[in-house]
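If you read the sequence shown in our numbering, its first letter stands for residue 21, the second for the next number, and so on.
Note that beta-carbon positions come from the ideal geometry of N, C-alpha and C, so glycine has one too.
Quick caveat, the model's predicted, so the values are computed rather than measured.
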Amino acid sequence: MKKAVVWFLILVLSLCSVPVFAEDKAKEPDISAKAAILVQEGTGRIMYEKNADKKMYPASTTKVMTAMLAIEKLDPAGSLTASELAVQIDRDGSNMGILAGEVLTVEQLLYGLLLDSANDAANVLAEGVAGSIPAFVELMNQRAAELGMQNTQYQNAHGYHHSDHYTTAGDMAKLCQKAMENDLFRKIVSTPQYEIPPTNRYKETRYLSSGNALINPMRGHAYLYNGAKGIKTGHTSDAGYCLTSYAQRKGLGYICVVLNSKYEYPNNYSFVDTISLLDYGFNQFSMRNVADVNEIVATRDVRWSKGDEQVLLSAKAPLEILLPKTYYKERLTTKITTEEKIKAPVKKGATLGKIEYFYDGEPVGSVELVATKDVPRSFFKMIFGTLWGLIFNAWVMVPLTIIVIILLLRRVAEENKKRKQREKKRQEFRRELNR
C-alpha cells in the first residue's frame with residue numbers, strides 16, 4: 021500500500037513539472053487541396069503554404085485579374101455594348117446570358133463577372149479595356165509580371181481551361197492582395213446578391229447570387245464564415261475546386277488561396293480547406309505590440325555633438341506583429357541598423373535607422389527608428405574634426421606620402437652624390453701624395 025502511494029505521488033509530481041505550454045508551434049491544418057497558401061494582409065507574411073509555387077490551373081479565379089484591370093482602366097458608371105465575338109463562349113462555361121448588342125454598365129458587368137462568374141461578362145470587359153480579347157490577355161500577362169507573379173500565364177479573360185493557362189497559389193495571393201486594395205473590388209466580392217434591371221436587349225431582371233458560400237447564405241449555411249468578405253470561386257474538371265478568399269477579424273486580415281481541392285458529397289473541400297486555414301490563422305495567432313514610440317531601443321554616438329550627448333532612438337510608430345498565441349519571448353529577436361556616421365545637428369524625429377524583429381529566425385516585422393530629441397552641434401568640434409579629417413584624408417595622405425618619399429629619395433640621391441664626390445677627392449689627394 022505504501023509503495024502504491026509513493027508511485028502515485030511520483031506520477032503527480034512528474035505531471036506537475038511539465039509546462040502547460042511545452043511547445044508554442046501551432047499545429048498546421050491537414051488540407052486536401054493540392055496547393056494552398058495563407059497570407060497576412062498588408063505584410064504579405066506567409067502563415068501557411070503547401071506547394072505554393074507549383075503551377076496549377078486557376079479556373080474562374082482568373083477573373084480576379086480581369087476585374088482588377090477593368091476597374092483600373094474603365095469608368096464603373098460607363099456603358100459597354102456586347103459584341104458578337106464576346107458572347108460566343110462555350111455554353112458549358114458559366115455565363116449570364118448576355119446578348120450581342122446588349123448595353124450594360126461596367127459595374128453591372130463586374131458584378132456578373134465576380135458573383136455569377138460570367139465568362140461572357142469577362143469577354144465584354146476585356147474588349148472594353150483593350151479593344152480585343154488577345155490584346156487584353158497581353159495586358160493581363162504584363163500586369164502579372166508587374167506584380168511579381170513569375171509563374172503565371174494567361175490565355176483568356178475568364179479561366180476556361182487551356183493547357184498553357186496557369187498560375188500558382190503564391191501568385192494568386194499577390195494578385196488578391198493587390199485587388200483588395202481597391203474599394204469597389206472589395207465591395208463587389210463581399211456582396212452576396214445583386215440585381216441587374218432589364219436592358220435594351222434583355223427584358224427581365226437578372227438576379228445574381230455569389231458562388232462564394234463563405235459569404236452567401238443562399239448557398240446554405242454550412243460554410244458561412246465569420247469575418248469572410250470575398251473573394252472568388254473557380255472550378256473545371258482539370259483545375260478541381262478553387263477558392264480565393266479574404267477574411268478579417270479585429271483588424272487582422274488574411275488572404276487564403278486553395279487550388280485543386282476535391283468534392284465529395286456533401287462536402288466541397290475548397291470551402292472546408294479554406295475554413296481550416298482561416299481558423300488556423302485566427303485561432304493560433306494574435307497581434308502583439310512589440311514597439312512603442314515612448315520606448316528607447318538604442319543609443320548612438322553623434323559626431324560634433326555639443327557635450328558628450330548621444331542620440332536616443334525609438335520606434336517611429338507603434339508596431340504590432342503576428343505571433344503564436346503562446347510563444348517563447350526568447351525566440352523573439354531583434355536586429356538594429358542605423359546610419360554609420362551620425363553627425364550633429366540631429367533634429368527630433370529624424371529617421372536614423374530601423375529595428376527588425378525575428379521569430380525563430382524568420383522575419384516578422386520592422387519599424388523605422390527616429391531621434392527622440394534634438395542633438396545640437398559644437399562649432400569647435402566640427403571645425404577641428406573637419407580639419408583633422410582633411411589632414412588624414414586618403415586623398416591628402418596618399419599624395420603627401422608620395423611627395424615625402426620622393427623628397428627622401430632625392431635627399432638620399434644627393435647624399436650619395438656628395439659621398440662619391442668626397443671619395444673622388446680623397447683618391448685624387450692620395451695620388452698627389454704618392455708622386
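Review point. Hey, quick one: how far does the beta strand (DSSP E) through A138 stretch, first residue to last?
Key: For A138, there is no enclosing beta strand (DSSP E), as DSSP marks it with neither H nor E.
Review point. When DSSP labels each residue in this structure, what does Q108 get in the three-state scheme?
Key: It is coil, neither helix nor strand.
Practice item. Could you check how far apart the C-beta atoms of V424 and E329 are, in whole angstroms? I think they sit under 8 Å. Key: The pair is not a contact, with the Cβ atoms about 39 Å apart (cut-off 8 Å).
Review point. For Y243, which of helix, strand or coil comes out of DSSP?
Key: In the structure shown, Y243 sits in coil (DSSP, three-state: anything other than H, G, I, E or B).
Review point. What's the C-alpha gap between E224 and Q60?
Key: Rounded to the nearest angstrom, the gap between the Cα atoms of E224 and Q60 is 42 Å.
Check your understanding: Residue range of the beta strand (DSSP E) that Y261 falls in?
Key -> Where Y261 is concerned, the enclosing beta strand (DSSP E) starts and stops at G260 to R269.
Review point. Going by alpha carbons, who is nearest to V157 out of T294, A164, V387 and Q175?
Key: For V157, the nearest C-alpha among the options comes from Q175.
Review point. Leaving out five residues before and five after L33 in sequence, what residues of the same chain have Cβ atoms less than 8 Å from its Cβ?
Key: Annotation note: pLDDT 42 at L33 (below 50); position unreliable, no value reported.
Review point. From this set, G121, C196 and L105, which residue's C-alpha is nearest R163's C-alpha?
Key: The residue among G121, C196 and L105 with its C-alpha nearest the C-alpha of R163 is C196.
Check your understanding: Is D203 buried or exposed, if buried means 16 or more other CB atoms sit within 10 Å of its CB?
Key -> Looking at its Cβ environment, which holds fewer than 16 other Cβ atoms inside 10 Å, D203 is exposed.
**Study point:** 8 Å Cβ cutoff, M160 in contact with chain D
**Key:** Annotation note: the requested chain D is absent from the structure, which comprises a single protein chain.
Check your understanding: How would you write the range of the beta strand (DSSP E) that R320 sits in, first residue to last?
Key -> Per DSSP, R320 belongs to the beta strand (DSSP E) from I316 to D321.
Check your understanding: Just the Cα atoms here: how many angstroms apart are A155 and V149?
Key -> So the alpha carbons of these two residues sit roughly 9 Å apart.
Review point. In chain order, which alpha helix (DSSP H) runs of at least 4 residues are fully inside the region 43-128?
Key: Runs found: 83-93.
Check your understanding: Cβ-heavy atom distance between A53 and the ligand ADP below 7 Å?
Key -> For the ligand ADP, the structure offers nothing, since it holds no ligand at all.
Practice item. Using 10 angstroms around the beta-carbon of E127, count the other beta-carbons present and answer buried if the total reaches 16, otherwise exposed. Key: Counting of Cβ neighbours within 10 angstroms places E127 among the buried residues, the total reaching 16 or more.
Check your understanding: Hey, is the region 371-379 in contact with the region 293-300, meaning 3+ C-beta pairs nearer than 8 Å?
Key -> With the rule of 3 Cβ pairs closer than 8 Å, the region 371-379 does not count as touching the region 293-300.
Practice item. Check whether the Cβ atoms of L133 and A142 lie closer than 8 Å to each other. Key: Judged by their CB atoms, L133 and A142 are nearer to each other than the 8 Å cut-off.
Check your understanding: Can you give the Cα-Cα distance for S114 and V384, rounded to whole angstroms?
Key -> So the alpha carbons of these two residues sit roughly 41 Å apart.
Review point. CB L89 to CB M160, shorter than 8 Å?
Key: Yes, Cβ-Cβ distance for L89 and M160 is below 8 Å.
Review point. Can you give the Cα-Cα distance for T346 and A318, rounded to whole angstroms?
Key: The straight-line gap from Cα to Cα measures roughly 27 Å.
Check your understanding: To which residues of the same chain is S229 closer than 6 Å at the C-beta, ignoring the five residues directly before and after it?
Key -> Closer than 6 Å at the Cβ level, and outside the excluded window around S229, lie Q213 and M238.
Check your understanding: Counting pairs of Cβ atoms below 8 Å between the region 360-367 and the region 321-339, do you hit three or more?
Key -> Yes, the region 360-367 touches the region 321-339.
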